[in-house]
Every structure is written in C-alpha cells, then in structure tokens.
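Take the position in the sequence shown, starting the count at 1, then add 1033; the result is the number in this note's numbering. Okay, so here's the structure we're looking at.
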Amino acid sequence: MKTKNYWLLILAFTLAACNPVAQSSYSTETSLPIETIAVKPSLTVIPVTDTPLLPATDIPATATASPTSTPDTRLLPEKWMEWPVVPEPTGRVAEIYALGQSLGNDPRHFSKIGDCQNVRDAFMGLFDKPGWYKLREGREHLQATIDWFNGSFNRDGMAVKGGYNAAAVLSPMWADPQVCEPGENPVECELRTYKPSFAIVSLEYWWQGRTTEKYESYMRTIIETLIEHGVVPILATKADNIEGDNSLNLMTAKLAYEYDIPLWNFWRSAQALPNKGMDPERNDGFHISYFAWTDRSFTALETLDKMWVYVNPAE
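Here it is as structure tokens:
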C-alpha cells in the first residue's frame, strides 16, 4: 500500500466521541420543523419602470466590438474527482470577504459548521496547541495562518456538534438556549456571536430516506445565509461513499460551482491514504481513521491559508 509522505507530525491527538446520527432523531421529516424554510433568491429582482429608453444612435464604423466575457475554464462538477484538493480562490471569494468586513466580521475568525468529524479533538484543534504538531520543511509559511486564526482551531462553536447534519444546523430546536436567541438556529447563532470571515462547511452524513435533493435544499440555505452575512463558505467533499453513488459529493461540487465558492476536495486527498482514509476498526462506512485526521486537518489548513492570503496579500 502506498504510504503518503507526511508533512505534518501529530505528537498527540485525543479521540472525540463521534457517533452517527441517531435514526430516531433524524429519520423522519417531522422531527426537524424546517421543511418549509424558504431559500432566499441569490439575485435581486429589478423592478420595471416607465422611464422611456434613450433613442438609439448610430454606431461609428470605427467603434470596437464589446469585449467578450472571460471563458470559464473550471472543470465541470461531474469531474469533481479531478478537482484539486486545495482550491484556487476566485474574485467571488474577495467579494464575499469584502462584504463581511463592511458588516463588521472579524478577519481573525473562522468557523466550522459540521458534525462529529469536525469537532476540535478530531479536526484542526491541534493547531491551537504548540507542541502538538510540527510543520515540515517547505510548509513553514502555514504558521502565519495558524497564528492569524489563533483561537478558532481548538473551538467548538454553535454550529458544530456530534450528530449535526445539514437539517439540524438550520433548526432552532438544536440551538444552545444559553447562548442563542429565541428562534435562532445554530448557524445564525454562530454568525451573530463569533462573526467569522470564513466558514468550513462539512455536513455530509447520509441515512436511508433522506434524499440528495433535500441535502441540496438545506445546503443552499446554509450557503446563502453565509454569503448574506459576508462569510466565505468553504465546502468539503467526504472520504466515504455511504450513499453508494457519490451523489452527496457530486451535489456539493455542483453547489460550489454554481455559487463560485471554494471546494476543499478531501475525497481526492483521502484516496492516497491507507484504506482510502476510512476507519478499518469501526468499518461503518462513515468514520475516517485517526490516520486520516492528520491529512484532513492539514489540507483544511492549506485551504484556509490559500483563501486568507488571497484576500490579505499584504499580511
């Protein structure tokens, strides 16, 4: 088996409780009263006015043609398996970030919106613990990103918890009543209380009866909520294929493509790991191995670094 040449050395890493979503809690639509959530349109409708159009004028023969739009060279979502692990930022990232800064978001904060595989003990928490990691030669520049976002790595915010999924983070019934306002869902609560500039979104758990279309609907609401608040969404693919047809990863890629937002393609990185990153001990088709935690945390850090440097080139 091919062994990946690791650039990150974990000196200590503890196991967090990470269990799949209980069937009784999420298997029925009535358990989460959010089916009627309306997805806000991404475009503003411009009302028609009675203002007359200006009369047409003759165009001089020497006039040049209008410039054509820049060709879209991105790989289509159907080729998501070929997308890079660490995405290239686009102008859309800068636009969303700039909006967030005008709204008062903290440039030193990022949030995680996810399930048990995204809690601090399993995902990125070690970067807030000097001595728990070592950046190898050629990766030392990532320390600047670690320093910049200090405090966000080893933090479980309002929108990350074991058992969470794309439906749960949109339901006020799962919000912490000690912190969140009445009627506020976990995502809204996190954005209000922490004011992040970026959010890593990894809510991929699948179970019998929940369709990819419902996942898409919930994810659209999450994405548009983040964009409305000026928070750059960083979507993620998953290592598993518990649904059997990779439809969740494909849908995630489609959403990233449509909204022109970053897709951190962890699935591709996991292909080079032992057992393709899946945990052979639990062998439940969902949990990744402790070995994969390292790769997942590091590639997420690389992605965060890529986005941060893009919007703050002078830092």
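Every residue gets a Cβ at the ideal spot worked out from N, C-alpha and C, and that includes glycine. If you're wondering where the values come from, they're calculated on a predicted model, not measured in any experiment.
Exercise. With a Cβ-Cβ cutoff of 8 Å, do Tyr1130 and Val1344 count as a contact?
Worked result: yes
Exercise. Is it buried or exposed for Ser1135, if we count other Cβ within 10 angstroms and need 16 for buried?
Worked result: exposed
Problem set entry | As assigned by DSSP and simplified to three states, the class of Val1118 | coil
Exercise. With distances taken from CA atoms, which of Asp1293, Ser1302, Thr1254, Ile1255 is nearest Asp1350?
Worked result: A question about residue 1350 goes unanswered here, because the residues of the chain that appear run from 1034 up to 1348.
For this session: Determine the DSSP secondary structure at Ala1232, reduced to helix, strand or coil.
Result: strand
For this session: For Asn1187, collect the residues of the same chain with a Cβ closer than 6 Å to its Cβ; drop the 5 residues on either side in sequence, then sort them by chain order.
Result: Excluding positions up to five away in sequence, the list reads Arg1153, Gly1158, Asp1161.
For this session: Using 10 angstroms around the beta-carbon of Met1340, count the other beta-carbons present and answer buried if the total reaches 16, otherwise exposed.
Result: buried
Exercise. CA-CA distance, Leu1203 and Ile1256?
Worked result: 11 Å
Problem set entry | Euclidean distance between Cα positions of Ile1146 and Ala1208 | 13 Å
Problem set entry | Start-end ranges of the beta strand (DSSP E) lying completely within the stretch 1255-1310, minimum 3 residues | Taking 3 residues as the minimum length, the beta strand (DSSP E) runs contained wholly in the stretch 1255-1310 are 1265-1269, in order along the chain.
Problem set entry | N-terminal and C-terminal residue of the beta strand (DSSP E) that Phe980 is part of | This structure does not reach residue 980, given that the chain is present from 1034 up to 1348, and the question cannot be answered.
Problem set entry | Cβ-based neighbour list, Gln1176, same chain, cut-off 7 Å, excluding 5 preceding and 5 following | Cβ neighbours of Gln1176 beyond the five flanking positions: Leu1168.
Exercise. What is the DSSP secondary structure of Phe1143, counted as helix, strand or coil?
Worked result: strand
Exercise. Can you tell me the Cα-Cα spacing of Glu1261 and Leu1268, whole angstroms?
Worked result: If you draw a straight line from the Cα of Glu1261 to the Cα of Leu1268, it is about 16 Å long.
Exercise. Between which two residues does the alpha helix (DSSP H) harbouring Leu1175 extend?
Worked result: 1175-1181
For this session: Please state whether DSSP places Lys1194 in a helix, a strand or coil.
Result: coil
For this session: Grab me the residues of Leu1224's own chain with a C-beta within less than 6 Å of its C-beta, minus the 5 sequence neighbours each way, in chain order.
Result: His1262
Exercise. Three-state secondary structure (DSSP) at Lys1167?
Worked result: strand
Problem set entry | For Gln1134, the three-state DSSP class (helix, strand or coil) | helix
Problem set entry | DSSP-derived helix/strand/coil call for Cys1213 | It is coil, neither helix nor strand.
Exercise. Nearest-angstrom Cα distance between Ser1322 and Leu1281?
Worked result: 20 Å
For this session: For Leu1334, I'd like the list of residues in its chain whose CB is within less than 8 Å of its CB, leaving aside the five on either flank, ordered along the chain.
Result: Met1157, Phe1160, Leu1175, Thr1178, Ile1179
Problem set entry | Contacting residues, own chain, Cβ-Cβ under 6 Å from Thr1123 (five flanking each side not counted) | The beta carbon of Thr1123 sits closer than 6 Å to those of Asp1293, all from its chain and outside the five residues before and after it, given in chain order.
Exercise. Which of helix, strand or coil does DSSP assign to Gly1184?
Worked result: coil
Problem set entry | Reference Thr1226; option with closest CA among Ser1330, Glu1237, Glu1214 | Residue Glu1214 is the option with its Cα nearest to Thr1226.
For this session: Identify which residue in Ala1127, Pro1104, Trp1181 has its Cα closest to the Cα of Asp1338.
Result: Trp1181
Exercise. Does the beta-carbon distance from Ser1230 to Asn1308 come in below 8 Å?
Worked result: no
Exercise. Is the beta carbon of Val1220 sitting closer than 8 Å to the one on Pro1266?
Worked result: Between Val1220 and Pro1266, the C-beta gap is not smaller than 8 Å, which leaves the two residues out of contact.
For this session: Note down the Cα distance separating Ala1347 from Met1252, rounded to an integer number of angstroms.
Result: Rounded to the nearest angstrom, the two C-alpha atoms are 33 Å apart.
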